[in-house]
Amino acid sequence: MDFLPVNREECEKRGWDAPDFVFLVGEAYVDHPSFGQAIISRVLEAAGYRVAMLCLPDYHSPEDFKRFGKPRLGFLVTSGVIDSMVNHYTAAKKRRSEDAYAPGGKAGLRPDRATTVYCNRIHQAYPGMPILIGGVEASLRRFSHYDYWDDKVRRSILVDSAATLLLYGMGENTVLACADWIRRGMPPSELPALKGCCYMAKEPPQGAILLPSHREVTQSKQSYAQAFMTEYEQQDAIRGQVLCQEQDSQRYLVQNPPAPPLGREELDRVYALPYTRSAHPAYDSQGGVPALQEVRFSLSAVRGCFGGCSFCALTFHQGRVVSSRSEASLLAEAKLLTGFPDFKGYIHDVGGPTANFRSPACDKQLKSGTCKHKQCLYPQPCKNLKVSHRELIELLRKMRRLPKIKKVFIRSGLRYDYLMADPDPSFFMDLCRHHISGQLKVAPEHISPQVLAMMGKPGREVYERFVQRYEAVNTRLGLKQYLVPYLMSSHPGSTLQDAVLLAEYLRDSGQQPEQVQDFYPTPGTLSTCMYYTELDPRTMKPIYVAKTPQEKAMQRALLQWKNPKNRSLIRQALRLSGREDLIGFGKKALIPPGEEPFRGGQRTTGRKMGRAGREDGTKPRGVSRASRDKG
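Residues in the sequence shown are numbered consecutively from 1062, following the numbering used here.
Below, the structure is given as structure tokens:
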């Protein structure tokens, strides 16, 4: 297994006069199927295309973009696994000091708004060259969208980048169709109605749904909410329609319906491609690529999620229909991992967006598409929901029996409401007995009914029943294992009173979270639409949104009420919310009396809770909420 060429000399060694495509990536070259760049490049290679990798080029001039000479067919551009702005800045808009996707974790090697910057340099280097953009940054910014960092509505990234086409979603079949079209000498602008792509047009296609224009959504938050909700509801490969949004005078963004999710056989072929499963050796002297260590011995088992969390962008990127790899494919990959010299016997994860989803929510999804106005799990599980962990149980049992495997962990998010809906207790027992190492992370996120309603999360009573069962199962097994709940402060709909309610719950349940997650308004989520418009786009009713640094700091402090450093913030929050009864020395008090002054509400970085190590000696895995839901 060889890496794809990273310079002209390596192309010449392969006998290439020029690559077909130069794949420009805003992160280090990691040839592992957890990275989109690896999958797309290997899919193209398997189809006979010559692909060269241009990773983290010097973006200050067009010179490094000429490294391979002019490609025969075009450039592919992605900012990487994460939106470049999310990668660079915390929820408090502070610059991050590290980049896990760069050699040695060094920050600053890619530009802000990387996709647009890279495309501009390609235009300078090779005017008129076809450019296909994709990945998370392009996918989630394909319509006019609110940008948290500029605090304004920006145009589609297809306009700003002046790329030829935007490929959204997972993209394997879409990129192959585009490549074939270009190879046959047809301009990409004349592609037929290819699912999974966006393009610019001078007039709306016949029959398309016309969204409020860019000008309208910048001038009216009601129009923005209406546009977003239409986009959100149409992200379905079966019932989705063509969408069209005027970006400026007589220029329209056109989104064709989403591409169908890959079937099981297609997924198996994609994950069987000859990945080296390592970072390029050029990075060894710099300490490698930190992000790889989190996934090196993990298996991607599923795509898509019908969980419907408002703050998650999966609906916009992977879609609501779950597809999964076969048992044979996953067992073959597990066997492959055991052959690596540095494999220690631990499979770190078997999962995806949600670990305990293995199939579509119901039979109807495959025939008629997902429901337009209904969710599968919220406000309660749909009567048509198929609930079963049997296939997952059998897969994990067979994987545990493989030679050289000591333990198979599950670290992807588990939907505890789906787990509780299963009348068969077998998976719950196996999970606690075999697949966690001292602690299980789940995501209740909040406890207030009105906040949970905005989040699209199950009610408090479901979580409490889950906690009781978890404790009972571990007691029965004679194990001492803990729950680590992910909690979020300042989500749209959360008032100070709601934050106080959550603090009281933490007090009564004896939990002391070390870290909490501030809500981060990232592109492509229902929650970000709520944050910007202060409307629930599902009902168009006004909602409360905490936006000032002071209030966000108070809500955050309440979740960490045991920390003495937070007392000034908490005291002010309790007074503002009329809950001075919680100041004192009684059992119900959150803080003692005192008159220290409020020292400001500077926002701080929000990361997920839980830092304890695991049986295999690794740290808990962190995943951006812009691309993945944790339960």
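Yeah, the Cβ is synthetic: ideal placement off N, Cα and C, and Gly gets one too.
Note that this is a predicted model, so its numbers are computed, not measured.
{"Item": "With respect to the alpha helix (DSSP H) encompassing glutamine 1295, which residues constitute its N-terminal and C-terminal limits?", "Value": "Run containing glutamine 1295: none; DSSP gives neither H nor E here."}
{"Item": "Using a threshold of 9 angstroms, state whether the C-beta atoms of glutamate 1294 and phenylalanine 1204 are closer than that.", "Value": "no"}
{"Item": "Is it true that the CB of alanine 1089 sits closer than 9 angstroms to the CB of cysteine 1072?", "Value": "no"}
{"Item": "Taking its Cβ as the centre, do 16 or more other Cβ atoms sit within 10 Å of arginine 1672, making it buried, or is it exposed?", "Value": "Confidence is the limiting factor: at arginine 1672 the pLDDT is only 31, short of 50, which leaves the residue's position unreliable, though a coordinate-based value still follows. That one is exposed."}
{"Item": "With 9 angstroms set as the bound, which would you pick, yes or no: does the beta-carbon of phenylalanine 1488 sit closer than that to a beta-carbon of chain C?", "Value": "Here there is only one protein chain, and chain C is not present."}
{"Item": "So what does DSSP say about aspartate 1063, is it helix, strand or coil?", "Value": "coil"}
{"Item": "Below 8 angstroms on the Cβ atoms is my guess for alanine 1374 versus leucine 1201; work out the distance and round it to an integer in Å.", "Value": "5 angstroms"}
{"Item": "Kindly indicate which residue of Ala1163, Ala1504, Leu1620 and Leu1226 has the alpha-carbon position closest to the one of alanine 1343.", "Value": "Ala1163"}
{"Item": "Can you give me the start and stop residues for the beta strand (DSSP E) that glutamine 1316 sits inside?", "Value": "1312-1316"}
{"Item": "So, helix, strand or coil for histidine 1206, using DSSP?", "Value": "strand"}
{"Item": "Could you compute how far the alpha carbon of lysine 1447 sits from the alpha carbon of valine 1236?", "Value": "33 angstroms"}
{"Item": "Is it true that the segment 1537-1547 meets the segment 1595-1604, where meeting means three or more beta-carbon pairs spaced less than 8 angstroms apart?", "Value": "no"}
{"Item": "How many Å lie between methionine 1231 and phenylalanine 1377 at the Cα?", "Value": "11 angstroms"}
{"Item": "Pairs of beta-carbons, one from the segment 1106-1126 and one from the segment 1077-1086, closer than 8 angstroms: are there three or more?", "Value": "yes"}
{"Item": "Below 8 angstroms CB to CB, which residues in the same chain sit around tyrosine 1605 once its five sequence neighbours on both sides are set aside?", "Value": "Pro1553, Gly1554, Ser1555, Thr1556 and Glu1595"}
{"Item": "Which residues bound the alpha helix (DSSP H) around lysine 1478?", "Value": "Sequence check: residue 1478 is aspartate here, not lysine. Per DSSP, aspartate 1478 belongs to the alpha helix (DSSP H) from 1477-1481."}
{"Item": "May I ask you to report which of helix, strand or coil DSSP gives arginine 1494?", "Value": "helix"}
{"Item": "DSSP on serine 1371, reduced to helix/strand/coil?", "Value": "coil"}
{"Item": "Using DSSP with H/G/I as helix, E/B as strand and the rest coil, what is arginine 1472?", "Value": "coil"}
{"Item": "Below 8 angstroms on the Cβ atoms is my guess for serine 1473 versus glycine 1413; work out the distance and round it to an integer in Å.", "Value": "6 angstroms"}
{"Item": "With a CB to CB cut of under 8 angstroms and the five nearest residues on each side skipped, what residues in its chain are close to glycine 1169?", "Value": "Asp1160"}
{"Item": "Using the three-state DSSP reduction, which class does arginine 1689 fall into: helix, strand or coil?", "Value": "Annotation note: pLDDT 36 at arginine 1689 (below 50); position unreliable, coordinate value reported separately. Coil."}
{"Item": "What would DSSP say about leucine 1463, mapped onto helix, strand or coil?", "Value": "coil"}
{"Item": "Could you compute how far the alpha carbon of leucine 1085 sits from the alpha carbon of valine 1104?", "Value": "16 angstroms"}
{"Item": "Going by Cα to Cα distance, which pick from Gln1098, Gly1087, Gly1130 and Ala1107 is closest to glutamate 1070?", "Value": "Gly1130"}
{"Item": "Just to confirm before moving on: does the CB-CB distance between arginine 1617 and tyrosine 1566 stay below 9 angstroms?", "Value": "no"}
{"Item": "How many angstroms separate the CA atom of proline 1253 from the CA atom of glutamate 1264?", "Value": "16 angstroms"}
{"Item": "Where do the N-terminal and C-terminal ends of the beta strand (DSSP E) with glycine 1412 fall, by residue?", "Value": "1410-1412"}
{"Item": "Could you name the residues that DSSP lists as bridge partners for cysteine 1579?", "Value": "The displayed chain sequence assigns aspartate, not cysteine, to residue 1579. Answer is Ser1550, bridged to aspartate 1579."}
{"Item": "Just list the residues that DSSP pairs proline 1603 with in beta bridges.", "Value": "Leu1596"}
{"Item": "Take every Cβ of the segment 1414-1426, pair it with every Cβ of the segment 1441-1458, and state whether three or more of those distances are shorter than 8 angstroms.", "Value": "yes"}
{"Item": "Between Gly1430, Val1331 and Gly1369, which has its C-alpha nearest serine 1390's C-alpha?", "Value": "Val1331"}
{"Item": "Taking the C-alpha atoms as reference points, what is the distance between methionine 1601 and lysine 1435?", "Value": "16 angstroms"}
{"Item": "Rounded to whole angstroms, how far is the Cβ of valine 1303 from the Cβ of glycine 1268, which I believe are closer than 8 angstroms?", "Value": "7 angstroms"}
{"Item": "Can you list, in chain order, the stretches of the beta strand (DSSP E) that have 3 or more residues and sit fully within the segment 1159-1225?", "Value": "1192-1194, 1206-1208 and 1213-1215"}
{"Item": "Just the C-alpha distance for tyrosine 1260 and leucine 1271, rounded to the nearest angstrom, thanks.", "Value": "15 angstroms"}
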